Each structure stands twice: as structure tokens, then as C-alpha cells.
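Each remark here refers to the structure printed beneath this line.
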Amino acid sequence: MSAQNSAGIQTLLDAEKEAQKIVHKGHRPLLLSASAMETDSSQQENVRSNWRRMSAPTNDPDRTKRVKDAKTEAQKEIEEYRKKKEEEYKKFEVEQSSGNKKAEEEANKEAEVALKEIDAAGKKSGKKVVEDLIKTVTTPRPEVPDKLLKEE
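Take any residue in the sequence shown, note its place counting from 1, add 194, and you have its number in our numbering.
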């Protein structure tokens, strides 16, 4: 079960990494092509200034709103995924526990059968066993133990 939990956690971490990549791509300007590198220095300086401007943090309210919306959307998706996995886990747990209950019931039935056999054997030959016990206890046969015989 912990392996399944670890797999679920790993899936969540992978999804989070993917979201970070998407957000990072949104912050990063497009890479310069080889032909743009071969242009004159004024164009290169213009590209550099645009790069700096795009890389610098901005106070664009739309961008901030989009980032917040993306975060809330990601949180909703994560919660939905978590709920889905928890439901799957609960179903799995119920299936496993029902299997244990079946095995327990079978073991109880086998124990009942064994107890009935023992009870039947006791009723069948119980009187003879009691008579043999009484006879053995009341009829003493003194014997010297083997250990004492060896010492002499």
C-alpha cells in the first residue's frame, strides 16, 4: 500500500514539475535564431534590450492575474486527482479486507469441524478413557527409575 502511495505522490510531483516548466516557458522569451545572430550590432542591441525588458519582473496586472489563475487551476486539478486516488485506494482497501474476512470465515469453519470431530470422539470413547485413567491411577505399580538403576 505504501508503494501505491509513493506512486501517487510521485505522479503529483511529476505534474508539479511539468507545471513549473510551463510557467518557466511563459517567463522566458523566444530564443534567437541563427539568422538573428548574424544581423548588425544595432539589431542585436535591440534584441538584448528586449530580452532584458522581458526578463525583468513587471507589474502587469493581467500577467499577475493569469499567474494566479494558473495556480488556482493547478491546485484544483491536484485536489481532483488526489480525491480520485483516495477513492481508488479506499476501493482497493475494501477489496483486500473482504478477502481477509473470507479467509477468516473459512478458518473458523475448519475449526468448528475439528471441534465437532473431537467432541464426537470424546463422546464415543470418553467412558473407556475415564475408566482407563481411574484404573491406572488406582493401581500402583512401583518401578525404580532408569536413572537410579544406573547409579547403583
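Glycine is no exception: its CB is placed at the ideal position from the N, C-alpha and C atoms. Quick caveat, the model's predicted, so the values are computed rather than measured.
- Counted as a single uninterrupted DSSP element, the stretch harbouring THR333 is not any alpha helix (DSSP H), since DSSP gives it neither H nor E.
- The beta carbon of GLY202 lies closer than 6 angstroms to those of LYS279 in the same chain, with the five residues before and after it left out.
- In the structure shown, the three-state DSSP call for PRO255 is helix.
- When rounded, the separation of the alpha-carbon atoms in GLY220 and PRO255 is 15 angstroms.
- Here the region 270 to 285 makes contact with the region 199 to 214; the two share three or more CB pairs at distances below 8 angstroms.
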